[in-house]
Amino acid sequence: MIVVRRALVQEHAALAALAVAAMRASFHWHPPEHWRADVFLADAAGDDLYAADLEGALAGVLGFYAPENFIHSLFVAPGFQRRGVGAALLTRARALATGPLSLKVDEPNLAARAFYARFGFEEAGRGEANGVPWLALRARS
Ligand SMILES: CC(C)(COP(=O)(O)OP(=O)(O)OC[C@H]1O[C@@H](n2cnc3c(N)ncnc32)[C@H](O)[C@@H]1OP(=O)(O)O)[C@@H](O)C(=O)NCCC(=O)NCCS
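Note that the numbering used here has the sequence shown beginning at 1, numbered continuously upward.
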């Protein structure tokens, strides 16, 4: 059973490590060392962090920026992907939101784009960072 809950402060380092492992496994448009736990934690400073547990392990993390209903981060550990953990974290984000959810996804991230499309997100803008194009996505209200 997947349990989504508010993360404990003492779990933040482990959740950052989980996020970095997911990025290094999937985000091949930058070299592995580009993705760093300290950067993840600094970027997440304004977020509410949620953890997903599955089979007694940390399986996923959601970083939710409540003032903008913005999914700042959503990562599932490589060994737990495609088992509903991302969907469970997204369901929690929906429950927290006071308006349409939005997020950014790197354009080459076809797996995440398919995931968000499956849950009704649509393109709402574009940009570029560090030479990589990104898409702004917004949930259909
Ligand atoms: C993208 C990610 C968040 C999805 O979470 P997940 O737990 O693996 O996905 P779920 O099991 O909840 O998938 C739900 C549905 O989304 C779609 N989906 C998920 N991953 C997909 C993929 N790789 N390709 C196509 N569709 C996908 C499917 O419709 C899936 O349902 P199905 O498995 O019954 O076909 C997760 O794989 C992940 O962390 N990836 C690496 C990091 C990342 O890209 N994070 C998002 C940054 S914006």
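Cβ coordinates follow ideal geometry from the N, Cα and C atoms, glycine included.
On a predicted model such as this, the values are computed, not experimentally measured, just so you know.
Near ligand 1: Gln81 beta-carbon under 8 angstroms from a heavy atom: yes
Where Asp38 falls, given that 16 or more other Cβ within 10 Å makes a residue buried: exposed
Closer than 8 angstroms: Leu8 CB and nearest ligand 1 heavy atom: no
Beta-carbon proximity check, Ala51 vs Leu15, cutoff 9 angstroms: yes
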